[in-house]
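Numbering (our numbering), first residue to last: 1 to 165.
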């Protein structure tokens with residue numbers, strides 16, 4: 001079993017690690033399997049909230065002003081996405097997305113549409129990182145467009161024309 005390179009582990013530290021490994025073998029556990037289990041646990045997929053915050057931190061330099069960063073943090077934060085922020089990103093389902101969007105979809109259509117797009121972007125980024133597979137549950141075309149009514153272009157209607165004089 002490897003304990004680490006001489007660059008990373010001192011001689012004294014290597015002796016201590018070797019002693020711990022011998023003790024675990026005497027206790028009947030396989031130290032190699034235990035090390036693999038620890039590595040798998042460290043490579044677990046992050047929660048939606050953790051990854052969304054990380055992604056915003058990564059892409060915020062592309063935003064035009066502070067207001068955009070604020071809007072992304074607010075919509076992907078506890079205000080709207082509180083129900084999925086603690087969920088592993090690969091466990092987010094279409095039902096979760098619908099639970100978030102349905103209360104907003106008819107009353108605040110612009111907010112709901114932007115929120116859906118932001119969630120879709122987070123889930124696409126997670127797929128690119130290998131933490132998620134399959135279809136994106138926040139995808140509009142061919143997925144949510146069958147489950148939610150079509151958005152109205154003008155929710156408040158047209159503004160009346162001003163008098164020409």
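Using N, Cα and C, we set each Cβ at its ideal position, and we do this for glycine too.
Just so you know, these numbers come straight off a predicted model, no measurement behind them.
Would residue i pass as a contact of residue j if the rule is Cβ separation under 8 angstroms?
i, j, result
"residue 132", "residue 84", "no"
"residue 46", "residue 92", "no"
"residue 80", "residue 97", "no"
"residue 94", "residue 104", "no"
"residue 135", "residue 146", "no"
"residue 151", "residue 109", "yes"
Sorted by chain position, which residues of the same chain lie with C-beta nearer than 7 angstroms to residue i's C-beta, five sequence neighbours on each side aside?
i, result
"residue 78", "85"
"residue 21", "1 and 31"
"residue 10", "none"
"residue 140", "116"
"residue 129", "none"
Output needed for residue i: all residues of its chain with C-beta closer than 6 angstroms, excluding positions within five of it in sequence on either side, in chain order.
i, result
"residue 55", "122 and 125"
"residue 119", "138"
"residue 63", "69"
"residue 66", "none"
Provide the residue span of the alpha helix (DSSP H) that contains residue i, from first to last.
i, result
"residue 4", "It is not in any alpha helix (DSSP H) - residue 4 carries neither H nor E in the DSSP assignment."
"residue 71", "66 to 76"
"residue 109", "109 to 128"
"residue 21", "11 to 26"
"residue 103", "94 to 105"
Spatial neighbours of residue i within its chain, please: CB distance less than 8 angstroms, with the 5 preceding and 5 following residues excluded, ordered by chain position.
i, result
"residue 106", "149"
"residue 3", "9, 14, 17, 18 and 21"
Roughly how far, in whole angstroms, is the beta-carbon of residue i from the beta-carbon of residue j, given that I think they are within contact range, below 8 angstroms?
i, j, result
"residue 115", "residue 75", "5 angstroms"
"residue 51", "residue 87", "At roughly 11 angstroms, the Cβ-Cβ gap does not stay under 8 angstroms, so residue 51 and residue 87 are not in contact."
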